[in-house]
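Remarks on the structure that follows.
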Amino acid sequence: MTGKPLVYRQRISSTVFLRAAVFFMCMCIMLSACSKISGGQSSRAIGHSYFPGDPGYTLADGVDDTDMRIGLVGACGAHGAGDNMMQALSRELSQTYAVASYSPIACTENTSSSESVRAQVAEIDSYLERHVHVIVVHPQAATDPRCSRADKAAFARALEKVRTHRTAAILVNTSEQQAKNMGIGSEYYAALWNISVEQTTQSGSSQPGTEQRPAPAMRPLDVIRAVIDDTPHATVLRSVINKHKTE
């Protein structure tokens, strides 16, 4: 008779301990989830990586310059010429150890903005097949009001596809509002990159009358490295490229 109350109390203690353990585990899970939502969002590159531990997360930190594969997608230039800005960027990156590819889109004065966008989408698909780390796009044609709604939607889907391939996309000289108007959410690009090309002499001195440019400006390869390395950065980055005279 005296043993039964003791066993009963032991069972109650075990039940209480089990419930306490389950409650503690639930609290840990909730705290972990809150930490992901609050602290994790600001500790990753915008629109590039997933949270560590999530399905599809790719840790790309520490990629050497010689291993960087960069795809440049330019817009149609005036009078059938190539994209001057993307050509300048390609030339700048060619002076580094990174591997940057750029093929001017074949276009004429009569090439429409929709045709240019379709050519850009084809370029993006080609770079995905080559497994580049970053695709830098100058979506000038897609921001043109004359570009058809269907082609703008196709352009947006192309950037979504870039994201699903865990490849970073950078939009050049494009505002956040322009990206929204094209149907491109901020989760589908790693950064907005403002690039200006300045005319300089071979000695490196600026042309007379050039305004003092604001700081800071990052070297193009530093921007690429920041995105590839998944380093937290501002949405809008800026670079200045010197365009040397050849004549």
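Each residue of the sequence shown is one higher than the last, beginning at 8 in this note's numbering.
Where a beta carbon is used, it is the ideal one built from N, C-alpha and C, also for glycine.
Since we're looking at a predicted model, the values are computed, not measured.
Considered as a whole, the stretch 84 to 135 harbours 91 to 101 as its complete alpha helix (DSSP H) runs of no fewer than 4 residues, in chain order. A direct Cα-Cα distance of roughly 8 Å separates THR150 from ALA186. Cβ contact annotation for VAL128 (same chain, cutoff 7 Å, sequence separation greater than five): ALA161, PHE162, ALA165, in chain order. ALA175 carries a strand assignment under DSSP once its states are collapsed to helix, strand and coil. With contact defined as three or more Cβ pairs closer than 8 Å, the stretch 109 to 116 and the stretch 224 to 244 are not in contact. Cβ contact annotation for ALA95 (same chain, cutoff 6 Å, sequence separation greater than five): VAL204, ILE248, LYS250, in chain order.
For SER182, the secondary structure class from DSSP, reduced to helix, strand or coil, is coil. In the structure shown, ALA198 falls within a strand segment according to DSSP collapsed to helix, strand and coil.
Under the three-state reduction of DSSP, ARG245 is assigned to strand. According to DSSP, residue pairing for VAL141 in a beta bridge involves ILE77, ALA175. By the CB criterion at 7 Å, HIS140 and MET75 fall inside the cutoff. For LEU199, the closest C-alpha among the options ILE177, GLY89, VAL80 is that of ILE177.
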